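What follows is a set of notes on a single structure, which appears directly below.
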Amino acid sequence: IAALVGFAACRPAERIAKPNVLLITLDTTRADRLGVYGHTRPTSPVLDALARDGAWYERAYTVATWTLPAHASLFTGKYPKSHGARYDPEGPLVLGEAIEGPETWKQIRARGLGPDEHPLAELLGAAGYRTGGVVAGPWLKAVFGLARGFEHWDEQGITSLNGRRAASVTDAALAWLDQKDDRPFFLFLNYFDPHTPFSPLMPCVQQVAMGKEIPPLEKENTRELTDLFYDAEIRCMDSQIGRVIKRLRRRDLYDSTWIIAVADHGDLLGEHDIFGHGTSLYEQELRIPLIVKPP
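For the numbering used here, count along the sequence shown from 1 and bump the result up by 9.
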C-alpha cells in the first residue's frame, strides 16, 4: 500500500487541455535589475518567487528597443520588418494625436500592426478563449493595432507619456478576472512604471533603499537618484503583479495557468552617457527578463 501511495504521489499532474494564459509585459525593465538575475536590491520578490516556480532565461533578447515593434513581435512571433509595426517618418499614426504632449510629438509617426497579421489574441479567441488586455503605455493604445483579437481592451487613463500606474492596471485586471465566464482565459497585462519619467511611491523607494539615506533631489545626484528611482518603480510594479497572482491562487487558477512575464526592452541609466532607450542597441536595452511558469 505504501508503495502504491508513493507511486501515486510521484505521478505528473494531469494534462490541462486548455490552460489559461497570463502574459505580463514589464515595460522598460532590464534583466539585471531583478533579484533572480542577481540584483542586490529587493526590487522583485514576487517575480523572483514566480521564477522559482518555473524557469527564467539568462539570455533572452528583444527584437526592438522600443515598445510598439517589440510588443507586435511578441503577439505575432515575427520580426518588425515582417509584421509592419515600426517607426516611420511618413507613417499614418501620430503619437501626438494619441496622447497629450508638446507639438514636437506630432513629428513622431509610426505604422501599426499590418492588416494581414493574425496576433495571438485572435488565434486564442478562435480556439475558445475569452481574451482581455489591460495596458498602461501610450504605444499600447488601440489605435496602434495591438488590440486586435481582444474581446476586451482597457486603456483607461493613458493621456500622457506618464502612462498609467500599476495599481490601476491591477484593479482593472482583477475586475476582468472576476467576471463569470466558463471559458479559459488569455489575459494580457502591460505595466509601465519603470518607464520615464520616474515618480515612484515613497514606500517603494524606502523598500529598495534598504535603510540607506535617500539622496536629496539635487542635480549632482541625478545618476544616483535615477538608479534608485528606477529600482523603486520596479518594486511598485512587482507588488501589483503580486496582487494578480494572489487572486489566481485564491480562485484556484494558479496551477492551471501559464504565466509569462517578459520585458519589451530594457533601458540605459547613464551607461555610455545615455539615458533612455530606442535609439541604440546596447546590451542594457536588448537583454530582457523572461520568466515562464507553466501550469
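Note that CB positions come from ideal geometry on N, CA and C, so glycine has one too.
Treat the numbers as computed from the prediction; the structure is a model and nothing was measured.
Inset, instruction - Could you round the C-beta distance between T140 and G146 to whole angstroms and report it? I think they count as a contact, below 8 Å. - result: One-based indexing of the sequence shown puts residue 140 at position 131. One-based indexing of the sequence shown puts residue 146 at position 137. In fact, because the Cβ distance is near 19 Å, the residues do not count as touching under 8 Å.
Inset, instruction - At 4 residues or longer, and completely inside the stretch 76 to 113: list those alpha helix (DSSP H) runs for me, N to C. - result: 76 to 85, 89 to 92, 104 to 107
Inset, instruction - Confirm, please, whether the CB-CB distance from L43 to P298 is below 8 Å. - result: One-based indexing of the sequence shown puts residue 298 at position 289. One-based indexing of the sequence shown puts residue 43 at position 34. Yes; because the gap between Cβ atoms is below 8 Å, this pair is in contact.
Legend entry - Residue environment, M211, which counts as buried when at least 16 other CB atoms sit within 10 Å: Looking up residue 211 in the sequence shown gives position 202. Exposed.
Legend entry - Contacts around P128, its chain only, beta-carbon distance under 6 Å, and the 5 residues preceding and following it disregarded: Locating residue 128 in the sequence shown gives position 119, counting from the first residue. Correct list, in chain order: F84, T85, R157, G158.
Legend entry - Residue environment, A270, which counts as buried when at least 16 other CB atoms sit within 10 Å: As a working note, residue 270 is residue 261 in the sequence shown. Under this definition A270 is a buried residue.
Inset, instruction - Leaving aside the five residues before and after R6 along the sequence, list all residues of the same chain whose C-beta is less than 6 Å from its C-beta, in chain order. - result: Since the first and last residues shown for the chain are 10 and 304, residue 6 lies out of range.
Legend entry - In DSSP terms, what L277 is bridged to: Stepping through the sequence shown from its first residue, residue 277 is reached at position 268. In DSSP, L277 forms a bridge with G285.
Inset, instruction - Apply the 10 Å Cβ neighbour rule to Y88 and answer buried if 16 or more other Cβ atoms are within range, or exposed otherwise. - result: Within the sequence shown, residue 88 is the residue found at index 79, counting from 1. Y88 should be labelled exposed.
Inset, instruction - Look at K302 and L59 and say whether their C-beta atoms are less than 8 Å apart. - result: Position 293 of the sequence shown, counting from 1, holds the residue named residue 302. Position 50 of the sequence shown, counting from 1, holds the residue named residue 59. Against a cut-off of 8 Å, the Cβ pair of L59 and K302 comes out as a contact.
Legend entry - Simplified DSSP assignment, three categories, for D236: Walking along the sequence shown from the start, residue 236 turns up at place 227. The answer is helix: DSSP assigns D236 an H, G or I state.
Legend entry - Range of the contiguous alpha helix (DSSP H) that encloses T179: Here residue 179 refers to the residue found at position 170 when the sequence shown is read from its first residue. For T179, the enclosing alpha helix (DSSP H) stretches over residues 175 to 186.
Legend entry - 8 Å Cβ cutoff met for A94 and F195: What you label residue 94 is simply residue 85 of the sequence shown in a count that begins at 1. What you label residue 195 is simply residue 186 of the sequence shown in a count that begins at 1. Taking 8 Å as the Cβ cut-off, A94 and F195 do not qualify as a contacting pair.
Legend entry - Proximity of W75 and G275 at Cβ, strictly below 8 Å: Reading the sequence shown from its first residue, position 66 is the one you call residue 75. Reading the sequence shown from its first residue, position 266 is the one you call residue 275. Going by C-beta atoms, W75 is not nearer than 8 Å to G275.
Legend entry - Y291 (DSSP reduced to helix, strand or coil): Counted from its first residue, the sequence shown places residue 291 at position 282. Looking at Y291 - three-state DSSP - the assignment turns out to be coil, as it is neither helix nor strand.
Legend entry - Boundaries of the beta strand (DSSP E) in which R2 is found, first to last residue: The requested residue 2 is not part of the displayed model; the chain covers only 10 to 304.
Legend entry - Per-residue burial, E294 [other beta carbons within 10 Å of its own, 16 or more giving buried]: Taking the sequence shown and counting its residues from 1, the one referred to as residue 294 is at position 285. Result: buried.
Legend entry - Proximity test, P203 beta-carbon vs the ligand ZN heavy atom, cut-off 7 Å: For the structure depicted, the ligand ZN is absent and the ligand set is empty, with no information on it obtainable.
Legend entry - Where the alpha helix (DSSP H) containing D163 begins and where it ends: Your numbering for residue 163 matches position 154 in the sequence shown. Looking at the DSSP string, D163 is not in any alpha helix (DSSP H); the run it does join, the beta strand (DSSP E), is 161 to 163.
Legend entry - Span separating the alpha-carbon of I117 from that of I25: Against the sequence shown, residue 117 aligns to sequence position 108. Against the sequence shown, residue 25 aligns to sequence position 16. I117 and I25: Cα-Cα distance of roughly 45 Å.
Legend entry - Expected contact under 8 Å - CB spacing of A81 and L35 to nearest Å: Residue mapping note: residue 81 aligns to position 72 of the sequence shown, counting from 1. Residue mapping note: residue 35 aligns to position 26 of the sequence shown, counting from 1. At roughly 17 Å, the Cβ-Cβ gap does not stay under 8 Å, so A81 and L35 are not in contact.
Legend entry - Where G47 falls, given that 16 or more other Cβ within 10 Å makes a residue buried: Walking along the sequence shown from the start, residue 47 turns up at place 38. Exposed: under 16 other Cβ atoms inside 10 Å.
Inset, instruction - Using only alpha-carbon positions, find the residue among Q249, I254, D261, F207 that is nearest to L237. - result: Working through the sequence shown from its first residue, we reach residue 237 at position 228. With distances taken between Cα atoms, L237 lies closest to F207.
Legend entry - 8 Å Cβ shell around S289 - same chain, five flanking residues per side excluded: As a working mapping, residue 289 is identified with position 280 in the sequence shown. Within the same chain, S289 has close Cβ partners T74, L277, H281, I283.
Inset, instruction - Would you list the residues sitting across from L31 in a DSSP beta bridge? - result: As a first step, residue 31 must be located in the sequence shown, where it is residue number 22. The partner list for L31 (beta bridge, DSSP) reads L196, I268.
Inset, instruction - Give the straight-line distance between the Cα atoms of R259 and R68, rounded to the nearest whole angstrom. - result: The residue labelled residue 259 in the question sits at position 250 within the sequence shown. The residue labelled residue 68 in the question sits at position 59 within the sequence shown. About 33 Å.
Legend entry - A175 beta carbon less than 8 Å from that of Y200: Position 191 of the sequence shown, counting from 1, holds the residue named residue 200. Position 166 of the sequence shown, counting from 1, holds the residue named residue 175. Yes, they are a contact pair.
Inset, instruction - Kindly identify the DSSP beta-bridge partner or partners of V301. - result: In the sequence shown, counting from the first residue as 1, residue 301 sits at position 292. A64, I269, per the DSSP bridge assignment.
Legend entry - For V143, three-class secondary structure by DSSP: Counting from one through the sequence shown, the residue named residue 143 turns up at place 134. Correct three-state label for V143: strand.
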